[in-house]
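Here the structure is laid out as structure tokens; the discussion comes afterwards.
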Amino acid sequence: MLSVTNMNVYYGNIYAIKDISFDVAEGEVVTLIGANGAGKSTILKTISGLLRSKTGSIMFSGEDISHTASHSIVTRGLAHVPEGRRIFLQMSVRENLEIGNYTQPGSTMNERIEQVYERFPRLKERRKQFAGTLSGGEQQMLAIGRALMSRPKLLMLDEPSMGLAPLLVEQIFGIIRELNSSGVTILLVEQNAHMALSVAKRGYVLETGRLVTSASAAELLQDDSVRKAYLGG
């Protein structure tokens, strides 16, 4: 579904992403793990058109999107839930979901909002509240729900557990499993490497902008160097 080839990204003179290639097959959960500053978020921003690679290609469902505008990428079925959630704090829960519908027909918006409420009952309870009054976990649910309004084939999640209590982390990862089992392909960036590998089929390890290891999630969980660097043992 997604194939990234020879991605090289710069922030001014800073060489952030160094000749990275990887792929995500339809139906998979694939995770990118690595320390802060390794380049994980930069990769997702480049795939979604917020940044540009100097070289190579980004193929999504057989089409090169490396020079496609970010809003057009969403219409093709690729949604990005950014680090920090980036919801509209001064708008209601429902208004945030309505904004997520902008690539889809207005005639089916109410039906899709109800589908989001079904998956996240807490959002239905809070539908009239300003998003800024929600807890961290509820805001993450809203960010995911807003992305689901665009009916993505591939959902990219950037640090979905950041700042959440352990119980909420379990809940968010339960949602990730459920989304995947309902047919959504997922590319996951996550600081909590153990949780990420527990839901993923495969993983890629990044260090300072380079891919250093790739393997099945099960193999990475048993890899001594990965355990020492990212799994606390």
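The numbering of the sequence shown is our numbering, which starts it at 1 and goes up by one. Cβ atoms here follow ideal geometry from the backbone N, Cα and C, with glycine treated the same way.
Backbone secondary structure at E95 - three-state DSSP:
helix
Would you report the Cα separation of S21 and T42, rounded to the nearest angstrom?
14 Å
If contact is defined by three or more beta carbon pairs under 8 Å, each pair taking one atom from either stretch, is the region 120-138 in contact with the region 179-186?
no
What distance in whole Å lies between the Cβ atoms of A131 and V93, which are believed to be in contact at a cut-off of 8 Å?
6 Å
Under three-state DSSP, which class holds D224?
helix
Taking buried to mean at least 16 other C-beta atoms within 10 Å of its own C-beta, is H67 buried or exposed?
exposed
Which residues bound the beta strand (DSSP E) around F88?
Premise fails: F88 is in no beta strand (DSSP E) and is neither H nor E.
By how many angstroms is the C-alpha of L142 removed from the C-alpha of K124?
10 Å
Could you say which of T5, L44, E83 lies nearest to M162 if we only look at CA atoms?
E83
Of the listed residues L44, G56, I33, S48, nearest to T5 (C-alpha basis):
G56
Enumerate in chain order the residues of its own chain whose CB-to-CB distance from K18 is below 6 Å, with the five nearest sequence positions on each side excluded.
G209, R210
Of the listed residues M109, L221, T103, nearest to I73 (C-alpha basis):
T103
Determine the direct distance from the alpha carbon of P166 to that of G174, and round the result to whole angstroms.
12 Å
With a threshold of 16 other CB atoms inside 10 Å of the CB of A25, please say whether the residue is buried or exposed.
exposed
Out of S53, Q140, N110, which one is the CA nearest neighbour of I87?
Q140
Which residue's Cα is closest to the Cα of A79: G62, R126, E63, M149?
M149
With a CB to CB cut of under 6 Å and the five nearest residues on each side skipped, what residues in its chain are close to L164?
G136, G137
6 Å Cβ shell around L50 - same chain, five flanking residues per side excluded
S70
With burial defined as no fewer than 16 other Cβ atoms inside 10 Å of the residue's Cβ, what is the status of Y230: buried or exposed?
buried
So for I65, helix, strand or coil by DSSP?
coil
So, for L97: in the same chain, excluding its five sequence neighbours on each side, which residues have a beta-carbon less than 7 Å away from its beta-carbon?
I113, V116, G145, R146, M149
Would P121 be called buried (16 or more neighbouring beta carbons within 10 Å of its own) or exposed?
exposed
What is the DSSP secondary structure of M195, counted as helix, strand or coil?
helix
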